[in-house]
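Engineer: Questions regarding the structure given below will be posed in turn.
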Amino acid sequence: MDSHAGAWEPENHSILIPDLLPVQKPDFAFDTTRAVQFRIDYRFLPRSVMPRFIVNRHQEIQDELRWRKGVILKNEQFNASALITADDEERQIFITVNGNQRRDYFATILKTLRTIHNSFEVEKLGIDERVCLTDNPKLTISLTHLYRLEKLGQRDYIPEGAEKDYLVRELLGTVETENHEEETHQRVK
Numbered sequence: 031m032d033s034h035a036g037a038w039e040p041e042n043h044s045i046l047i048p049d050l051l052p053v054q055k056p057d058f059a060f061d062t063t064r065a066v067q068f069r070i071d072y073r074f075l076p077r078s079v080m081p082r083f084i085v086n087r088h089q090e091i092q093d094e095l096r097w098r099k100g101v102i103l104k105n106e107q108f109n110a111s112a113l114i115t116a117d118d119e120e121r122q123i124f125i126t127v128n129g130n131q132r133r134d135y136f137a138t139i140l141k142t143l144r145t146i147h148n149s150f151e152v153e154k155l156g157i158d159e160r161v162c163l164t165d166n167p168k169l170t171i172s173l174t175h176l177y178r179l180e181k182l183g184q185r186d187y188i189p190e191g192a193e194k195d196y197l198v199r200e201l202l203g204t205v206e207t208e209n210h211e212e213e214t215h216q217r218v219k
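Quick note on our numbering: the sequence shown kicks off at 31 and runs consecutively.
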């Protein structure tokens, strides 16, 4: 077995062991120019959520950029990349996705996290899924509320605490046709 923690691959017979990943975040560049940012707030965030996520998505890890509290993923099918990090003290997971089909890629990432959440008593976790404003990531909007606005055909939205309005579609990272957007929304549910 390889001495470093890595994804299991038949040719090198290495195994990903999250507790053996480095604690320190590696140096890397992640383009956030057109990225959409999401945050999941928890009343209780089990420490095993992030390691389970990393193991589950290990085949998409870009250039071995993974550490105990985070990972960078790349998906060729969606032509998108994602930076996912956990903050145990604040009980939050941050998801930043960029690329051509960022909304679709976010949907698959969120589905993985929801599957992990379902292995716990979800009510105890107190999950609140939020979209961060592009120019002020500290201001967030409920993901469910944005989906509702989109479904109602609302184009612009002024979030509480914001000084301007935002395009609902841009906050959700929409770049596809409306039919495709609805299919993506249904897959995330």
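Even for Gly, the Cβ is constructed at its ideal location relative to N, Cα and C.
For Leu197, I'd like the list of residues in its chain whose CB is within less than 7 Å of its CB, leaving aside the five on either flank, ordered along the chain.
Structural biologist: Around Leu197: Arg185, Asp186.
Engineer: Using the Cα positions of Glu180 and Gln131, report the straight-line distance between them to the nearest angstrom.
Structural biologist: Answer to the nearest angstrom: the Cα atoms are 18 Å apart.
Engineer: Would Leu143 and Phe83 be called neighbours here (beta carbons separated by less than 8 Å)?
Structural biologist: Result yes, Cβ atoms of Leu143 and Phe83 sit closer than 8 Å.
Engineer: Are the stretch 160-177 and the stretch 94-103 touching by the rule of at least three beta carbon pairs closer than 8 Å?
Structural biologist: They do not touch, by the three-pair rule.
Engineer: May I ask you to report which of helix, strand or coil DSSP gives Val205?
Structural biologist: Bear in mind that a pLDDT of 44 at Val205, under 50, signals an unreliable position, so the model cannot answer this.
Engineer: Which complete alpha helix (DSSP H) runs does the stretch 143-171 hold, if anything under 4 residues is left out?
Structural biologist: Listed in chain order, they are 152-155.
Engineer: I want to know whether the stretch 162-171 touches the stretch 67-83 - three or more CB-CB distances under 8 Å.
Structural biologist: Flag = yes, the stretch 162-171 and the stretch 67-83 touch.
Engineer: Let me know if Glu90 comes out buried or exposed under the rule of 16 or more other beta-carbons within 10 Å of its beta-carbon.
Structural biologist: Glu90 should be labelled buried.
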